[in-house]
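One structure is given below, encoded as structure tokens.
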Amino acid sequence: MAEFRNPNQQGGGDNKSLLVMMLVLVAVFFGVQLFGPKKKTPPPASATPATQSASTQSAPEPSNATPQPPSPAATPAPAVKKAPAVSHTSVPVVEATKQSTTVIENELYRITFSNRGGQVTSWILKKKPGGGTFTSNDGKPLNLVHEEAAQKLGYPLSLYTTNADLTSRLASVLYVPSATGTVAAPTSLTFTYSDGSLQVRKTFSFDESYILHADVQVTQNGAPVRAYLMWPGGFGDQYDSYSYATAQIDTNIDGKTEHLAAKKITDGGTINGPIAWAGTSDAFFAAVFLPDAPDNAVIASLKNEVDVGKTILRSTFSTSKGPVNVPMLGAGLADSSGPILTRVFVGPKAISVLRKIHAADNGPSLESLLSFGFFSIIAKPLFICLQFIYAHMVANWGWAIIILTILINIITLPFRIKTMQNALKMQRIQPQMNAIKERYKKYKATDPKKGEMNAEIMKLQKDNGVNMFGGCIPTLITLPLIYAFYEMLPRVVELRHAHWFWLTDLQAPDPWHILPIVVVISQFLMQYYTPSPGVDPSQQKMMAFMMPVISGWFTWTYGAGLALYWTVGNLIQIIQQTIMNRTSLGREMKEVAAKRVRRKAGVGAGTTIQGKR
1 MAEFRNPNQQ GGGDNKSLLV MMLVLVAVFF GVQLFGPKKK TPPPASATPA
51 TQSASTQSAP EPSNATPQPP SPAATPAPAV KKAPAVSHTS VPVVEATKQS
101 TTVIENELYR ITFSNRGGQV TSWILKKKPG GGTFTSNDGK PLNLVHEEAA
151 QKLGYPLSLY TTNADLTSRL ASVLYVPSAT GTVAAPTSLT FTYSDGSLQV
201 RKTFSFDESY ILHADVQVTQ NGAPVRAYLM WPGGFGDQYD SYSYATAQID
251 TNIDGKTEHL AAKKITDGGT INGPIAWAGT SDAFFAAVFL PDAPDNAVIA
301 SLKNEVDVGK TILRSTFSTS KGPVNVPMLG AGLADSSGPI LTRVFVGPKA
351 ISVLRKIHAA DNGPSLESLL SFGFFSIIAK PLFICLQFIY AHMVANWGWA
401 IIILTILINI ITLPFRIKTM QNALKMQRIQ PQMNAIKERY KKYKATDPKK
451 GEMNAEIMKL QKDNGVNMFG GCIPTLITLP LIYAFYEMLP RVVELRHAHW
501 FWLTDLQAPD PWHILPIVVV ISQFLMQYYT PSPGVDPSQQ KMMAFMMPVI
551 SGWFTWTYGA GLALYWTVGN LIQIIQQTIM NRTSLGREMK EVAAKRVRRK
601 AGVGAGTTIQ GKR
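Going letter by letter, the sequence shown gives residues 1 to 613 in this note's numbering.
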């Protein structure tokens, strides 16, 4: 192996060269000190044009152009220290003398800004998609600002930096607003602040939609400061364990949408662009940033705990007093090049609203912001149908659910008839199947002869037109629909506080528990009226009691919309089954079921069932 040596140890000649070079450098250094120009006291800032030019370069006026940070190698340290003193003489101080508010209003919202921090103190949503108005759980106008979280973590559209002192300062100084009082959208609002070295300008533009545009610039000593435009945490509609549990960070990167729950969020974590859109949301509402330059976007996530023990609905946790700490998620957007240029969506997660909002350069829409979970492939079309019925047939969500349930049961009726026919065919060949099993009962389950038995049974079923999976068809249809309703109802903002007769909120449990009781009774009657000739009588009795108990438990604690769907579906199936039992198919199935019971009891043993061909 070759040996590597220190070049300075490879001969005396090199050492002599090094010594000569050092002596030359020392001589040059002392020569500059002795014979160079003497240091002079700098004149006042206005004395010479050269000095004015230097001050202009060290503290430029704010502009729409993107400021470029100075190179550390090109900017000497002493110049950076002197910059604040010079900039005070060239940049005027801009600061309000008293606190004021500005209200921006259109048909959809009423936003109140404070010039302290140039941030939002109230964000009232007004018009509800599909009709009606948004209200909080106590009947007041819905304020999307979570007051407890805002007091601790900061208010919406505040600025966040990695320097805690600077962040606190940006949120507490008095900005000068371009307007005060109430202003109707479309309009723009600008907040300006400067102390001579720190300069901030925040411009917000509003139209008649849920979208506003933000242009934010923060510089210190002329250099851009990376500041994040924030929605620091929480929404004003959160009041119970479920609403806090649904908080998440939503991102769309490279065309892929992700919904990250609180347990997957790191406080202060950042993601670099390209980012089409990103923000935070709960079950019904969202605050999402759509940067003008996705490639330069940087998203930051915040995760803090807030004690909501005084305001949370206690029955969802416990009735005991004490603190209730819940995770509070927030998100912010910065631009790696300097100023923040972004649109901001703050509003309901309604499909009709989200699908119209796209990222920059005709990027992906916000529609994927609303997720229906694992059964989204069924739940989403289900809601679109429900929404169509509400918009074109009945302007009530309860009646829309009833009509949709009727349509679903009409569509699935042929499958139920087919299932009954298949069950009857199965019972007609049951004696032959039993004979085949009797011939092979001496063989163990692992014996290859058992494969021959299964082949004979399958051939027998095929020859008689029996589908071995025919009895599963209704279950494969009805259960996914129930689970789809289960996933859809609590995520649809249109059904929030939707009423139907005594039900004031279809997303909350029935306060009088009328529907759960009807579900239990109707489920029992449905089991009773539906003949099951292929099911063991003891198993049939167990199912007749277990299914009503399970369905009753689900509807007792869940949203009344699910109980309404389940109740109406059971009543329709009872009517359908009663009619079908009077047909020749129904009468034959009842006869087969009765004979099976007698045979199990030892009555008429040895007789052969002769069904109709």
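The beta carbon of each residue, even a glycine, is placed where N, CA and C say it ideally should be.
Nothing here was measured: the structure is a model prediction, and the numbers come from that model.
In whole angstroms, what separates the C-alpha of residue i from that of residue j?
i	j	result
glutamate 107	phenylalanine 524	50 Å
proline 129	valine 353	8 Å
lysine 127	phenylalanine 134	6 Å
alanine 350	glutamine 430	53 Å
serine 376	tyrosine 483	10 Å
asparagine 163	glycine 268	12 Å
arginine 355	valine 176	37 Å
methionine 543	serine 522	14 Å
serine 205	arginine 496	30 Å
valine 326	lysine 310	12 Å
leucine 157	tryptophan 231	6 Å
tyrosine 228	histidine 358	22 Å
methionine 546	glutamate 487	23 Å
threonine 167	valine 218	11 Å
serine 584	isoleucine 572	21 Å
asparagine 221	valine 120	27 Å
threonine 419	glutamine 427	13 Å
alanine 455	arginine 439	14 Å
glycine 332	proline 339	14 Å
alanine 65	aspartate 361	Here the model assigns alanine 65 a pLDDT of 34, short of 50, so the residue's position is not dependable, and the following value carries that caveat. Answer to the nearest angstrom: the Cα atoms are 21 Å apart.
glutamine 576	threonine 112	57 Å
lysine 459	arginine 587	28 Å
valine 409	isoleucine 378	The residue you asked about is not valine; residue 409 is asparagine in the sequence shown. Their backbone Cα atoms lie some 16 Å apart in a straight line.
threonine 102	valine 183	7 Å
isoleucine 211	isoleucine 124	14 Å
If I measure Cβ to Cβ from residue i and keep anything under 7 Å in the same chain, skipping five residues before and after, which residues do I get?
i	result
histidine 259	Gln248, Asp250 and Ser371
threonine 578	Tyr529
alanine 77	For alanine 77, the predicted structure reports a pLDDT of 32, less than 50, and the residue's modelled location is therefore unreliable. A value from the coordinates is still provided. Same-chain partners within the cutoff: there are none.
alanine 283	Ser243, Thr246, Pro490 and Arg491
asparagine 396	Trp500
asparagine 137	Tyr239
valine 308	Glu148, Val324 and Val326
alanine 262	Ala247, Lys303, Pro327 and Leu329
tryptophan 277	Asn252, Val288, Phe289, Leu290, Ala359 and Leu366
Using DSSP's beta-bridge definition, name the partner residues of residue i.
i	result
alanine 261	Gln248
lysine 303	Leu329
arginine 201	Thr192 and Gln217
lysine 256	Ile253
tyrosine 440	Tyrosine 440 is not bridged to any residue.
lysine 127	Thr133
tyrosine 109	Leu125
tyrosine 160	Tyr228
threonine 102	Phe113 and Gly181
serine 241	In the DSSP output, where bridge partners are listed per residue, serine 241 has none listed.
Under 8 Å Cβ to Cβ from residue i, same chain only, skipping five residues before and after it: list those, please.
i	result
proline 92	Ser194 and Gly196
isoleucine 477	Thr412 and Phe415
glycine 552	Pro516, Ile517, Val519, Val520 and Gln523
Could you tell me how far apart the beta carbons of residue i and residue j are, in whole angstroms, since I believe they sit closer than 8 Å?
i	j	result
arginine 343	histidine 213	5 Å
glycine 273	phenylalanine 289	Wrong, their Cβ atoms sit about 11 Å apart, outside the cutoff.
leucine 369	serine 301	That belief does not hold up - the Cβ atoms of leucine 369 and serine 301 are roughly 16 Å apart, past 8 Å.
arginine 116	leucine 174	6 Å
leucine 341	aspartate 292	4 Å
alanine 185	aspartate 207	6 Å
leucine 424	methionine 580	No, leucine 424 and methionine 580 are not in contact; Cβ-Cβ is about 12 Å, not under 8 Å.
Run the CB neighbour count on residue i, radius 10 Å, all protein chains shown included, and call it buried at 16 or more, exposed below.
i	result
aspartate 335	buried
glutamate 494	buried
valine 520	buried
histidine 146	buried
proline 43	Residue confidence is low: proline 43 scores 35 on pLDDT, short of 50, so the model does not pin down where it sits. Its coordinate-derived value is still stated next. Flag for proline 43 reads exposed.
methionine 22	Low per-residue confidence applies at methionine 22: pLDDT is 47, beneath 50, and the placement is therefore not dependable, though the value from the model is reported in the following sentence. Result: exposed.
glycine 561	buried
proline 381	exposed
valine 549	exposed
serine 114	buried
isoleucine 265	buried
alanine 391	exposed
alanine 594	exposed
alanine 400	buried
arginine 201	buried
Can you find the residues in the same chain that come closer than 6 Å, C-beta to C-beta, to residue i, ignoring five residues on each side of it along the sequence?
i	result
glycine 236	Asn143, Leu144, Val145 and His146
leucine 503	Ala560
Contact criterion: CB-CB distance below 8 Å. Does residue i meet it with respect to chain B?
i	result
alanine 350	Absent here is chain B; the protein component of the structure consists of one chain.
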